[in-house]
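Working notes for the structure below.
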Amino acid sequence: MKYYFAKTVSGEFEEVIKKVTNELEKEGFGVLTQIDIAATLKKKLDVDFKKYQILGACNAPYAHKALKAEDKIGTMLPCNVIVQEVAKGKIAIAAVNPSASMQAVGNKDLEEIATEIGNKLQKIVDNV
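Numbering (our numbering), first residue to last: 2 to 129.
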């Protein structure tokens with residue numbers, strides 16, 4: 002089992018970020034954090050890096066269920082989705098596969114939640 006769902010699309014980086022954000026919203030997710038890796042690496046290390054952003058996405062009802070089932074699961078929240086420019090006009094999108102990460106937890110109550118969230122994240126990646 003892969004730890005992520007991914008695909009590469011053609012387009013402009015900022016437009017793909019908007020598409021991903023819109024697809025997340027359609028599936029009940031909000032973006033809690035947006036980390037610009039290129040800007041961070043430039044500021045902290047003075048190195049140039051490709052366009053790469055991490056979107057910390059949360060579906061509040063499912064997060065609530067997961068936290069009730071396992072109070073330390075917050076260490077694995079939110080669900081990260083990355084958008085990176087792999088070549089001019091080629092943008093890779095990847096989302097965490099929560100079923101893969103939940104295997105480490107070993108809580109049966111989380112398996113159904115992880116499957117449902119995984120299905121939503123796979124749909125988001127597919128629809129961009």
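All C-beta atoms, glycine included, are put in the ideal place defined by N, C-alpha and C.
Going by C-alpha positions, Glu117 is about 19 angstroms away from Val21.
Around Ile83, the same chain offers Ile55 and Ala95 as residues with beta carbons nearer than 6 angstroms, after the five sequence neighbours per side are excluded. In the three-state DSSP reduction, Leu33 falls in the strand class (E or B). DSSP places Lys8 within a strand segment (E or B) once states are collapsed to three. Residue Ala101 holds the alpha-carbon nearest to the alpha-carbon of Glu112 among Ala101, Glu86 and Leu122. Look at Asn81 here: in three-state DSSP terms it is strand.
Nearest neighbour of Val126 by Cα position, chosen from Lys3, Pro79 and Val10, turns out to be Val10.
For Lys91, the enclosing beta strand (DSSP E) stretches over residues Lys91 to Val97.
Glu71 sits in coil when the DSSP states are folded into three classes, being neither helix nor strand.
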